[in-house]
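Participant:
Residue numbers (the numbering used here): 259 to 407.
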């Protein structure tokens, strides 16, 4: 009835879920539907799909989205989408800033871009980023720790 069946190798099966079905289909010379059916038959989640645990869900809205994403090793967009789908308000304001844990990676962002841009990346206000940067004596992108040129 159509195309002959695809012969799945161990390497092909190992790649399932690591990249999108469409990308793998192109690489394997088949259709995305064929890849999707095989992936689903083996119980392998789609690439980028997050299997949310109860612990992960309980942190939504309790921790700034960007920080939670970093802790869980997933994208901020995944955290935001799940939080919004469940109708959970984001962690914001003073409480969020107080709960935010500055890691080596987030501290390394300070002074590399405007405080507003770093805040956007981390889900914090410009003022929170400014305070964190100046408390550490890190110069602004413009070259002064105070942020004033």
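Glycine included, every Cβ here is placed at the ideal spot set by N, Cα and C.
Kindly indicate which residue of 282, 300, 390, 341 has the alpha-carbon position closest to the one of residue 362.
Facilitator: For the purposes of this step, residue 362 is taken as the residue at position 104 of the chain shown. For the residues 282, 300, 390, 341, the minimum Cα distance to residue 362 belongs to 390.
Participant: From which residue to which residue does the alpha helix (DSSP H) around residue 410 run?
Facilitator: There is no way to answer for residue 410, as the model of the chain reaches only from 259 to 407.
Participant: For residue 318, which residues does DSSP report across the bridge?
Facilitator: As a working note, residue 318 is residue 60 in the chain shown. According to DSSP, which records beta bridges pairwise, residue 318 is partnered with 321.
Participant: Just reading off the alpha helix (DSSP H) that residue 216 is part of, what are its end residues?
Facilitator: In the structure displayed, the chain extends from 259 to 407; residue 216 sits before or after that span and is not available.
Participant: Give the DSSP-derived three-state secondary structure of residue 274 in the structure shown.
Facilitator: The count along the chain shown starts at 1 and reaches residue 274 at position 16. Residue 274 falls in the strand class under three-state DSSP.
Participant: Suppose you measure from the CA of residue 392 to the CA of residue 293; what does that come to, to the nearest Å?
Facilitator: Taking the first residue of the chain shown as position 1, residue 392 is located at position 134. Taking the first residue of the chain shown as position 1, residue 293 is located at position 35. C-alpha separation (whole angstroms): 52 Å.
Participant: Consult DSSP for residue 269 and reduce its assignment to one of helix, strand or coil.
Facilitator: On the chain shown, residue 269 is found 11 positions in, with the first residue counted as 1. Correct three-state label for residue 269: helix.
Participant: Looking at C-alpha atoms only, which residue of 371, 360, 396, 349 is the closest neighbour of residue 316?
Facilitator: Position 58 of the chain shown, counted from the start, is the residue given in the question as residue 316. The shortest C-alpha separation from residue 316 is found at 349.
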